[in-house]
Amino acid sequence: MHFMSQVPPYIAALRSYIPGKPIAELQRETGAARIIKLASNENPLGPSPKVKEAIGNALDDIHRYPDGGFALTRALAARYRVTPDNIVLGAGSDSLMLALVRAFVTEGGEVVASAGSFAQYYLMPQSRGAIVKTAPLKEYRYDLAAIAALVTPKTQMIFLANPNNPTGTMFTKAEWEAFYRQIPAETLIVLDEAYFEFVETNPDWPDSQKYRYDNVVTLRTFSKTYGLAGLRLGYGIGQTDPIREMKKVKLPFEPNVLALVAGEAALGDREFVDRYRSLVEEGRAVFYERLARMGVRYVPSAANFVMAVFPDQTTAETIHKGLLARGVIVRSLHAFGLPEAIRITIGLPEENVQCMDAIAALV
Numbered sequence: 002m003h004f005m006s007q008v009p010p011y012i013a014a015l016r017s018y019i020p021g022k023p024i025a026e027l028q029r030e031t032g033a034a035r036i037i038k039l040a041s042n043e044n045p046l047g048p049s050p051k052v053k054e055a056i057g058n059a060l061d062d063i064h065r066y067p068d069g070g071f072a073l074t075r076a077l078a079a080r081y082r083v084t085p086d087n088i089v090l091g092a093g094s095d096s097l098m099l100a101l102v103r104a105f106v107t108e109g110g111e112v113v114a115s116a117g118s119f120a121q122y123y124l125m126p127q128s129r130g131a132i133v134k135t136a137p138l139k140e141y142r143y144d145l146a147a148i149a150a151l152v153t154p155k156t157q158m159i160f161l162a163n164p165n166n167p168t169g170t171m172f173t174k175a176e177w178e179a180f181y182r183q184i185p186a187e188t189l190i191v192l193d194e195a196y197f198e199f200v201e202t203n204p205d206w207p208d209s210q211k212y213r214y215d216n217v218v219t220l221r222t223f224s225k226t227y228g229l230a231g232l233r234l235g236y237g238i239g240q241t242d243p244i245r246e247m248k249k250v251k252l253p254f255e256p257n258v259l260a261l262v263a264g265e266a267a268l269g270d271r272e273f274v275d276r277y278r279s280l281v282e283e284g285r286a287v288f289y290e291r292l293a294r295m296g297v298r299y300v301p302s303a304a305n306f307v308m309a310v311f312p313d314q315t316t317a318e319t320i321h322k323g324l325l326a327r328g329v330i331v332r333s334l335h336a337f338g339l340p341e342a343i344r345i346t347i348g349l350p351e352e353n354v355q356c357m358d359a360i361a362a363l364v
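If you count the sequence shown from 1, position 17 lands on 18 in my numbering, and the numbers rise without skipping.
What follows is the structure, given as structure tokens:
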């Protein structure tokens, strides 16, 4: 018997997650001297200077195993007014999603999510042999009523993103509260708030930390606002029971030493966060104005990116390929089930102008 025959059918059927095109690869293909990457919702400012200093000071310790995030866990617990037992750290929020699936999803169980959202919500449960059910988007927003209608006694987990990637839309307090009342206590809700820093001052956004329900685990990340995507650092907040189970199945020495010290330094630089949020707000306004002038539909965003919608898949693919040829990397949303759209990360002011100029030339 060949060893490949031992691969479970639900693993064999999976498609690997495909990240955005790397800058170096596009340079090799096009020979362009200047490439701008607006595909992965990264912070174009890079990390805070305090983070760089902290990493430099920690380089002499990289021969040691991480301490489990003792200091960062306590800093996060203080920030959110919880105990360290309510916090779990991981190598990005993806790692924590996998820990949740390993701890709470079984073969043949059900997981519910929305279509048109982050691919790992479907891939990770399927890797456990679970059945994933999705509700379609409604005007590019989560249809929470339709998601709730899919829940059955077999539903073990629900994945929700607020704001959602890749549409940039968010659901409101009223929608969240009505949804939660329909969900049984036996079903775990994973609330992915990767972009919460961009909506935390919005009075209509339902901050999970104002509710703290027993069957909700919140995931947040240092990848977006703090500019630490390359270090892979995320954290989960929840009641002690689900957090304890996650810690049993996550890798023992993640995150790494440099990520831990970087996260602690990043938390202490609120001025950097405010600066980046201002950059995003200004960039969004530029995108809205330019896209509207071109007659290109866009979806108002609550995050650090904007989704542009074209008449059909062919047009979206033509725009995407044309941008690549001009040295501008954006994200095709075909793999997200939105083939008529592209996602554009808000970059530096000059990058935003270059991207909009390129789209105008193509349109």
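The beta carbon of each residue, even a glycine, is placed where N, CA and C say it ideally should be.
These numbers were taken from a predicted model, which means no experiment stands behind them.
Secondary structure in the region 221–261: the alpha helix (DSSP H) runs of 4 residues or longer, each lying completely within the stretch, are 241–250 in chain order. In the DSSP assignment, R298 forms a beta bridge with V310. When the five nearest sequence neighbours on each side are left out, the beta carbons in the same chain lying within less than 7 Å of the beta carbon of R344 are those of P167, F306, M308, V331, R332 and L334, in order along the chain. In the DSSP assignment, T135 forms a beta bridge with A114. One Cα belongs to R221, the other to A120, and the distance between them is close to 17 Å. The beta carbon of R35 is closer than 7 Å to those of G328 in its chain, skipping five residues each way along the sequence. Taking a cut-off of 8 Å on C-beta distances, the region 232–248 touches the region 96–105, as three or more cross pairs fall below it. Residue nearest to H64 within the set I360, I88, V258 and V250 is V258 (criterion: CA-CA distance). Cβ-Cβ distances below 8 Å link V287 to P350, N353, V354 and M357 in the same chain, with the five nearest sequence neighbours on each side left out; the list follows chain order.
Within the model, the alpha-carbon separation for A326 versus M295 is close to 20 Å. Exclusion of the five residues before and after K134 leaves E111, V113 and L151 as the residues of its chain whose Cβ lies within less than 7 Å of its Cβ.
In this model, M158 and I132 are separated by some 11 Å (Cα to Cα). The region 203–221 makes no contact with the region 61–75; the number of CB pairs closer than 8 Å stays below 3. Contact between M247 and V89 holds: CB atoms are separated by about 5 Å, below the 8 Å threshold. When DSSP states are grouped into helix, strand and coil, T319 belongs to the helix group. When Cβ pairs closer than 8 Å are counted between the two stretches, the region 193–200 is seen not to touch the region 45–62, the count staying below three.
In this structure, W177 is the residue among K155, W177, T156 and P154 with its C-alpha nearest to the C-alpha of A162.
Residue nearest to L46 within the set L261, T319, L97 and T226 is T226 (criterion: CA-CA distance). In its own chain, leaving out the 5 sequence neighbours on each side, no residue places its CB closer than 7 Å to the CB of K139.
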